[in-house]
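Residue numbers (the working numbering), protein chains in the order written: chain A, 20 to 215; chain B, 20 to 215; chain C, 20 to 215; chain D, 20 to 215. First comes the structure, then the notes that go with it.
Number of protein chains: 4
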Amino acid sequence: MRTKQGNKEEAILTAAVKVFAESGYHAAKIHSIADEAGIAAGSIYSYFENKQQIILALFDDVWKELYEQISPVEKDNTLTADAKFDMLIDIVIDVFTVDRNLALVVVNEESHLIRDYPEEFTPYFEKFMKSGEAIVKEGVIKRQFRSDIKIDLLRILILGQIRSLLLTWAIGDKKISIQAMKEDLKKFIKCGINRV
Amino acid sequence: MRTKQGNKEEAILTAAVKVFAESGYHAAKIHSIADEAGIAAGSIYSYFENKQQIILALFDDVWKELYEQISPVEKDNTLTADAKFDMLIDIVIDVFTVDRNLALVVVNEESHLIRDYPEEFTPYFEKFMKSGEAIVKEGVIKRQFRSDIKIDLLRILILGQIRSLLLTWAIGDKKISIQAMKEDLKKFIKCGINRV
Amino acid sequence: MRTKQGNKEEAILTAAVKVFAESGYHAAKIHSIADEAGIAAGSIYSYFENKQQIILALFDDVWKELYEQISPVEKDNTLTADAKFDMLIDIVIDVFTVDRNLALVVVNEESHLIRDYPEEFTPYFEKFMKSGEAIVKEGVIKRQFRSDIKIDLLRILILGQIRSLLLTWAIGDKKISIQAMKEDLKKFIKCGINRV
Amino acid sequence: MRTKQGNKEEAILTAAVKVFAESGYHAAKIHSIADEAGIAAGSIYSYFENKQQIILALFDDVWKELYEQISPVEKDNTLTADAKFDMLIDIVIDVFTVDRNLALVVVNEESHLIRDYPEEFTPYFEKFMKSGEAIVKEGVIKRQFRSDIKIDLLRILILGQIRSLLLTWAIGDKKISIQAMKEDLKKFIKCGINRV
DNA sequence: GATGAATGAGCTTTCATTCAT
DNA sequence: CATGAATGAAAGCTCATTCAT
């Protein structure tokens with residue numbers, strides 16, 4: 020038989036990231052993804068049920084990866100909460116920094132995916148968030164962070180900051196150093212803008 | 020082409036906000052907007068060239084309104100930079116708080132609109148941003164804000180925070196008090212999370 | 020506005036009869052029906068939900084017509100059962116004789132339609148059959164027909180005869196006189212082939 | 020092209036009968052047939068040129084079998100025409116009674132097969148019919164059947180009765196005894212419904 | 001020969017947009 | 001101006017068939 024040539028599933032996902040990033044999920048055509056992956060349009064349906072499952076798989080991959088990175092950090096007793104928090108930011112930024120297009124897709128499409136397919140959206144997103152919250156809570160308890168922190172709000176704000184930062188970087192109009200920004204972000208989150 | 024004045028254009032825009040918020044721009048149907056506005060689908064094309072011009076008009080209205088509110092504040096010599104900054108946040112939050120759907124549309128669709136129609140996207144967005152930047156710069160000069168603030172980064176981060184906050188509020192899963200959050204946001208931006 | 024030109028619904032049904040007759044329901048293309056009807060393919064969907072609803076509408080029209088013709092006959096007290104039975108055959112044959120294609124569609128597609136969409140198939144078919152059965156029962160009671168007739172079987176057999184006759188006529192290979200055949204059919208049903 | 024001999028070809032045909040019966044020819048998937056036969060989809064094409072040849076082969080098998088059963092009966096000088104006629108009915112009913120699915124396929128698909136592939140449709144169908152006609156003609160000549168029988172019409176009617184009977188039995192809604200019906204059918208064909 | 005991954009033509013259906021009335 | 005019937009391009013998806021292994 021004609022055996023599988025290369026890893027088509029991965030090729031499709033890679034192609035999809037590019038096409039989704041360029042056109043947005045809705046405007047993206049299955050044919051474009053197939054072309055980009057170098058396969059026939061019909062072949063996509065051997066690997067994914069439909070267009071929606073492709074992007075859901077993408078998000079599953081990303082958040083699973085992120086969760087698997089943050090999870091051991093969260094549980095590490097040798098680290099201070101402050102250090103863990105820094106690593107949280109590092110992990111997110113570094114994972115997305117690998118691929119501008121991936122960053123774009125996640126930043127631009129996540130919101131409506133959660134709205135449209137709440138049942139099917141990857142559970143790793145919420146798991147990752149819980150880990151992040153646990154780190155902040157630990158910081159509060161260990162008196163490294165302010166005691167009046169509202170965890171729900173903090174989550175919203177930091178998520179927003181990271182998204183915004185990644186979007187700006189990924190669009191790439193302004194040549195910004197994402198690594199430098201990462202450090203500034205940490206500092207900003209911790210200290211704010213007030214003169215002290 | 021926004022040729023006609025009067026309440027029909029407004030009715031269309033109001034309907035569009037609702038439909039875009041519920042379905043997202045791409046999935047939104049012109050027929051749904053027409054139904055919601057109580058007019059015939061074909062009539063929309065007397066007021067707007069096409070679907071894209073409707074949403075661009077929406078964004079123009081919103082950012083024009085915001086710019087017209089922040090502009091006098093920025094120029095007001097009787098206010099401290101810190102007070103101006105608070106008003107900046109107030110203005111943004113308050114304008115969107117009037118209409119959950121408007122908040123959703125702006126938060127969800129702005130990014131791809133700028134990507135897809137960079138030339139046609141409202142100039143008021145950038146004007147508003149410049150005003151915001153001027154306020155922060157003034158605060159730095161007047162030594163109310165830290166001197167090492169990176170204005171570009173700050174803009175990105177604050178924008179992200181506001182978007183994230185509005186999105187969470189507008190989705191409305193968690194019953195949050197947007198007014199309380201507004202104050203927390205100001206505090207967070209200014210002081211960060213570190214214990215002092 | 021552009022008002023309805025002609026009766027498009029009827030044009031679609033007429034076109035559909037032709038296309039379904041020529042290609043069979045499954046192989047029939049919506050575009051062929053639209054072409055035949057002289058309209059755009061998309062227009063069909065203003066009148067029918069989908070392909071399946073077109074053919075279901077066809078069957079509804081046909082069996083409604085047939086039921087409305089047989090119903091008064093069944094209830095007519097001035098007629099003998101024998102005469103009613105003759106009219107039953109006349110009605111069926113005459114309705115289908117108007118349009119070879121209609122005959123073909125009904126004969127060829129009814130069976131799988133009932134299988135595939137039992138809930139949506141026209142109730143008039145069953146109503147018509149009940150009327151037919153009532154006529155035969157009356158004939159038995161009034162001792163015009165044999166007392167050992169099995170009504171369920173008779174229904175099956177007569178239906179089969181009529182279908183087969185119509186099919187042969189509609190295909191039109193053999194130039195047969197449907198009117199002559201109709202009389203022979205009545206005689207055959209009543210007397211069989213045995214020499215007496 | 021039926022190139023290969025042996026049980027794989029048979030397995031495909033057996034599987035095809037089931038799948039065609041359940042879904043109808045058009046909706047039947049080659050993959051389903053392959054699955055049912057326990058082979059790979061591609062393998063089917065070693066035994067049959069395409070989907071159409073499978074069903075044509077099926078019909079060839081069936082009508083060949085039927086022809087080979089009726090042929091000696093027809094020529095048997097020791098039997099009366101009446102007895103031969105009974106055996107004709109017995110043969111048809113009994114062959115199909117072995118397999119509900121086979122009955123369904125023949126009843127539902129024959130008509131469009133003859134329409135779509137008149138050149139390729141099995142010649143045994145026509146041969147079988149000729150034998151049947153010969154029997155009836157003999158009955159007429161030997162004065163067992165009525166002299167005014169129209170042989171073409173009779174063929175049409177009896178074929179229709181048998182098809183209808185088999186369809187009803189094969190669908191299996193009503194639990195009917197096909198053997199009992201067979202006898203009733205013979206009687207009906209011979210005597211009709213009139214009271215004598 | 002057997003496999004099943006790969007193909008891609010071709011289908012139904014949607015919906016932004018047009019335009020006759 | 002307003003209407004909504006009509007359009008038709010465009011897209012997602014299916015599945016009979018091919019062919020490298």
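C-beta: ideal position from N, C-alpha, C; glycine also.
Could you check which residue in K194(D), I197(D), K156(D) has the C-alpha nearest to that of F104(D)? Checking every option, the nearest Cα to that of F104(D) belongs to K156(D).
CA-to-CA distance, K206(C) to L77(D), given in whole angstroms: Each residue's Cα considered, the two are about 36 angstroms apart.
DSSP state of V155(B) mapped onto helix, strand, coil: V155(B): helix per DSSP, three-state reduction.
For M200(C), decide whether its Cβ has a neighbour in chain D, counting only Cβ atoms nearer than 8 angstroms. Interface with chain D (8 angstroms Cβ-Cβ cutoff): M200(C) is included.
So S42(D) is in the alpha helix (DSSP H); what residue range does that whole segment cover? Looking at the DSSP string, the run of the alpha helix (DSSP H) that includes S42(D) is 26-42.
Quick check on this structure: which residue in F67(D), Q72(D), L121(D), L32(D) has the alpha carbon closest to the alpha carbon of A189(D)? Per the Cα distances, L121(D).
Residue from M106(B), T187(B), K149(B), D54(B) with nearest C-alpha to A34(B): When M106(B), T187(B), K149(B), D54(B) are compared, the shortest CA-CA separation from A34(B) is found for D54(B).
For the region 143-152 of chain C and the region 147-166 of chain D, state whether three or more C-beta atom pairs, one from each stretch, are separated by less than 8 angstroms. No, the region 143-152 of chain C does not touch the region 147-166 of chain D.
Indicate whether I49(B) and A60(B) have their beta-carbon atoms separated by less than 8 angstroms. Yes, the pair counts as a contact, with Cβ atoms nearer than the cut-off.
As assigned by DSSP and simplified to three states, the class of R119(A): Helix, per DSSP.
Going by DSSP in three states, D95(A) sits in which element: helix, strand or coil? Collapsing the DSSP output to three states places D95(A) in coil.
Taking just the CA atoms, how far does S196(A) sit from A30(A)? Distance between the alpha carbons of A30(A) and S196(A): 29 angstroms.
Nearest by alpha-carbon distance to P142(B): which of E28(B), D171(B), L75(B) is it? Distance from the Cα of P142(B) is smallest, within the candidate group E28(B), D171(B), L75(B), for L75(B).
What does R182(D) touch in chain C if you count any residue whose Cβ is under 8 angstroms from its own? Under the 8 angstroms cutoff, chain C gives G179, R182, S183.
Could you check whether the Cβ of H45(D) sits closer than 8 angstroms to any Cβ belonging to chain C? It does: the Cβ of H45(D) has a partner Cβ on chain C nearer than 8 angstroms.
Under a three-way DSSP split, which group does R21(A) fall into? The answer is coil: DSSP assigns R21(A) none of H, G, I, E or B.
Against chain D, with Cβ distances strictly below 8 angstroms, would F207(C) count as a contact? Yes, its Cβ sits closer than 8 angstroms to a Cβ of chain D.
My assumption, with CB atoms under 8 angstroms, is that I181(A) sits in contact with V111(A). Please give the rounded CB distance. At roughly 6 angstroms, the Cβ-Cβ gap stays under 8 angstroms, so I181(A) and V111(A) are in contact.
Going by beta-carbon coordinates alone, are D203(A) and L172(B) separated by less than 8 angstroms? It is a contact, given that the beta carbons lie within the stated cut-off.
So the candidates are I208(D), G191(D), A46(D), I58(D); which of them puts its Cα closest to the Cα of N26(D)? Looking at the Cα atoms, I58(D) is the closest of the given residues.
Nearest-angstrom Cα distance between Q71(B) and S62(B)? About 16 angstroms.
Under DSSP, the alpha helix (DSSP H) around A60(C) begins and ends at which residues? Boundaries of the alpha helix (DSSP H) around A60(C): 60-66.
Can you pull the chain C neighbours of H131(D), defined as C-beta to C-beta under 8 angstroms? Within chain C, the residues near H131(D) are G43, N127.
Less than 8 angstroms between the beta carbons of F140(C) and Y86(C), yes or no? Not in contact: F140(C) and Y86(C) (Cβ atoms no closer than 8 angstroms).
To the nearest angstrom, how far is it from the Cα of K94(B) to the Cα of A102(A)? Each residue's alpha carbon lies about 42 angstroms from the other.
Does the beta carbon of L85(D) come closer than 8 angstroms to any beta carbon on chain C? Between L85(D) and chain C, the shortest Cβ-Cβ separation is not below 8 angstroms.
Could you check which residue in G43(B), S65(B), A40(B) has the C-alpha nearest to that of E28(B)? Considering only alpha carbons, the answer is S65(B).
Proximal chain D residues relative to T187(C), where beta-carbon distance stays under 8 angstroms: Ordered by position in chain D, the residues that pass the 8 angstroms Cβ test against T187(C) are I175.
Count the other CB atoms within 10 Å of the CB of N96(C); is the residue buried (16 or more) or exposed (fewer)? Flag for N96(C) reads exposed.
For D203(A), return the contacting residues in chain B, with the cut-off set at a CB-CB distance below 8 angstroms. Residues of chain B whose Cβ lies closer than 8 angstroms to the Cβ of D203(A) are, in chain order, K169, L172.
Between V125(C), K161(C), K23(C), C210(C), which has its C-alpha nearest L178(C)'s C-alpha? Of the candidates V125(C), K161(C), K23(C), C210(C), V125(C) places its Cα closest to the Cα of L178(C).
Cα separation between I160(A) and D79(A)? In this structure, the straight-line span from the alpha carbon of I160(A) to that of D79(A) is close to 32 angstroms.
Rounding to the nearest angstrom, what Cα-Cα distance links G158(A) and D109(A) in this structure? Computed Cα separation, rounded: 17 angstroms.
Residue from L176(B), F144(B), K37(B) whose Cα sits closest to the Cα of S88(B): The sequence given here has Gln at residue 88(B), not Ser. Relative to the Cα of Q88(B), the nearest Cα in the group L176(B), F144(B), K37(B) belongs to F144(B).
Within 8 angstroms, strictly: CB atoms of A2(D) and L123(D): With chain D represented from 20 up to 215, any question about residue 2(D) goes unanswered, as that position is not in the structure.
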